[in-house]
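**Q** Residue numbers (UniProt numbering): 1 to 331.
Beta carbons: idealized from backbone N, C-alpha and C, even for Gly.
The structure presented is a predicted model; accordingly, all values stated were derived computationally and were not measured.
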Amino acid sequence: MPKIGDIQLPDFPLLLAPMEDVSDPPFRALCKEQGADVVYTEFISSEGLIRDAAKSVMKLDIYEKERPVGIQIFGANLESMLQSVEIVEKSGPDIIDINFGCPVKKVVSKGAGAGILKDIDLMVSLTKAMVEHTKLPITVKTRLGWDSDSIKIVEVAERLQDVGCKAISIHGRTRVQMYKGEADWRPIAEVKNNQRMHIPIFGNGDVDSPEMAMKMRDEYGLDGAMIGRASIGYPWFFKEVKHYFKTGTHAAPPTMEERVDAARRHLQMAIDWKGEQLGVFETRRHYTNYFKGIPNFKEYRMKMVTSDHSVDVFEAFDEVMEKFGDFEFVS
């Protein structure tokens with residue numbers, strides 16, 4: 001069974017991917033309840049941390065029930081990254097993860113995230129310096145390469161391991177691809193099958209069904225799966241994958257009552273954590289998936305995603321329960 005440093009994980013762990021404005025404490029709590037083995041914070045700017053920017057600092061909040069939990073940071077300046085490690089340590093995470101994979105232009109343009117894939121030497125030297133600067137395990141999330149002509153992930157993974165990286169999560173696309181096309185897990189399997197590698201290699205990208213998770217495990221031989229978009233508005237995904245692994249059958253989908261309860265708790269936790277305005281706004285992206293598959297639902301969804309006041313959203317939940325309480329979802 002894989003280990004990240006001294007952290008023992010179950011066989012083929014399921015990890016909640018770090019996602020901006022998604023993997024906050026309320027959502028991480030729901031995913032943890034539903035079987036996520038490791039959760040990661042939203043990615044945090046090292047420059048924002050050392051400037052004490054409110055939004056960056058707020059993302060450092062973690063809770064005991066989340067463990068093991070990783071805080072993910074990004075940046076391209078060595079001094080800033082080392083300073084941010086010292087700040088992150090005070091929050092007491094189990095893992096510090098470096099984002100070398102975010103494809104968003106505003107991150108890449110600063111040489112951070114996937115932008116560093118153009119300078120592998122810097123990527124390795126940054127990782128080495130951070131490993132030497134903390135006793136916490138350092139892990140990396142990255143992509144196959146900058147573009148299809150520069151995929152050297154087998155070599156890159158070796159070099160990261162050699163400087164002390166304790167696990168690597170690899171998204172099966174290049175930066176140029178962004179999120180288009182299909183993820184290619186073959187190069188990730190090449191990393192895993194490299195006899196020099198002994199740290200866990202986790203796959204990421206297009207794990208959107210229990211069958212795909214099983215394929216990543218059985219056909220590609222990876223150590224675990226990092227789940228991103230499939231979990232948005234559907235924290236039950238982790239539990240359903242584990243049920244499929246155990247029984248070979250699909251679990252019954254969550255009932256309407258379970259969905260409404262989760263949506264309610266999610267919104268309330270978000271408000272408690274980040275206030276009414278942000279809590280209402282940043283939870284909107286989840287509602288489509290919470291209630292996916294219900295016919296003639298547009299009126300209620302629009303109320304959920306356009307209301308600026310939580311009382312209106314909670315009212316919409318009540319209306320949904322009253323009108324669709326007996327609706328039966330199918331797998």
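Below 7 Å between beta carbons: does that hold for Ala225 and Gly205?
**A** No, these two residues do not count as a Cβ contact at 7 Å.
**Q** Could you tell me if Ser331 is buried or exposed, where buried requires 16 or more neighbouring beta carbons within 10 angstroms of its beta carbon?
**A** Exposed, because fewer than 16 other Cβ atoms sit within 10 Å of the Cβ of Ser331.
**Q** Using the rule of at least 16 other Cβ atoms within 10 Å of the residue's Cβ for burial, across every protein chain shown, is Lys141 buried or exposed?
**A** Buried.
**Q** Would you call the segment 120 to 136 and the segment 69 to 79 in contact, with 3 or more CB pairs under 8 Å?
**A** Yes: the two stretches touch, three or more of their Cβ pairs being nearer than 8 Å.
**Q** For Glu42, count the other beta carbons within 10 Å of its own beta carbon; 16 or more makes it buried, fewer makes it exposed. Which is it?
**A** Glu42 is buried by the Cβ-count criterion.
**Q** Under the three-state reduction of DSSP, which class applies to Gln277: helix, strand or coil?
**A** If DSSP states are grouped into helix, strand and coil, Gln277 belongs with the helices.
**Q** Could you compute how far the alpha carbon of Val104 sits from the alpha carbon of Met19?
**A** About 12 Å.
**Q** In terms of DSSP beta bridges, what is Thr139 paired with?
**A** Answer by DSSP bridge pairing, in chain order: Asp97.
**Q** Name the two residues that bound the continuous alpha helix (DSSP H) containing Ala157.
**A** Per DSSP, Ala157 belongs to the alpha helix (DSSP H) from 153 to 162.
**Q** Is it the case that the Cβ atoms of Trp273 and Gln34 are separated by a distance below 7 Å?
**A** Contact flag unset, no.
**Q** Between the segment 201 to 220 and the segment 167 to 175, do at least 3 Cβ pairs fall closer than 8 Å?
**A** Flag = yes, the segment 201 to 220 and the segment 167 to 175 touch.
**Q** Let me check understanding here. Comparing Cα to Cα, which of Asp149, Phe27, Asp6, Asp37 lies closest to Phe12?
**A** Among Asp149, Phe27, Asp6, Asp37, the Cα nearest to that of Phe12 is on Asp37.
**Q** How long is the line joining the alpha carbons of His309 and Arg285, rounded to whole angstroms?
**A** Going by the C-alpha atoms only, they are around 16 Å apart.
**Q** Grab me the residues of Met130's own chain with a C-beta within less than 8 Å of its C-beta, minus the 5 sequence neighbours each way, in chain order.
**A** The residues are Met81, Leu82, Val85, Ile96, Ile98, Ile138.
**Q** Skipping 5 residues on each side, what residues in its chain have a beta carbon closer than 6 Å to that of Asn194?
**A** For Asn194, where only same-chain residues beyond five positions count, the Cβ hits under 6 Å are Val154.
**Q** Put Lys303 into one of helix, strand or coil per three-state DSSP.
**A** Lys303 falls in the helix class under three-state DSSP.
**Q** For the beta strand (DSSP E) containing Gly203, name the first residue and the last one.
**A** 201 to 204 is the extent of the beta strand (DSSP E) around Gly203.
**Q** Considering only their Cβ atoms, is the gap separating Thr283 from Leu267 smaller than 7 Å?
**A** Cβ distance < 7 Å, so Leu267 and Thr283 count as in contact.
**Q** Helix, strand or coil for Phe324 per DSSP?
**A** Helix, per DSSP.
**Q** In its own chain, which residues sit with a C-beta less than 7 Å from the C-beta of Ala230, not counting the 5 before and 5 after it?
**A** Contacts found: Val207, Asp208, Phe237.
**Q** Skipping 5 residues on each side, what residues in its chain have a beta carbon closer than 7 Å to that of Arg196?
**A** For Arg196, where only same-chain residues beyond five positions count, the Cβ hits under 7 Å are Glu158.
**Q** Excluding sequence positions up to five away, which residues of its chain have a Cβ less than 7 Å from the Cβ of Phe297?
**A** Contacts found: Phe291.
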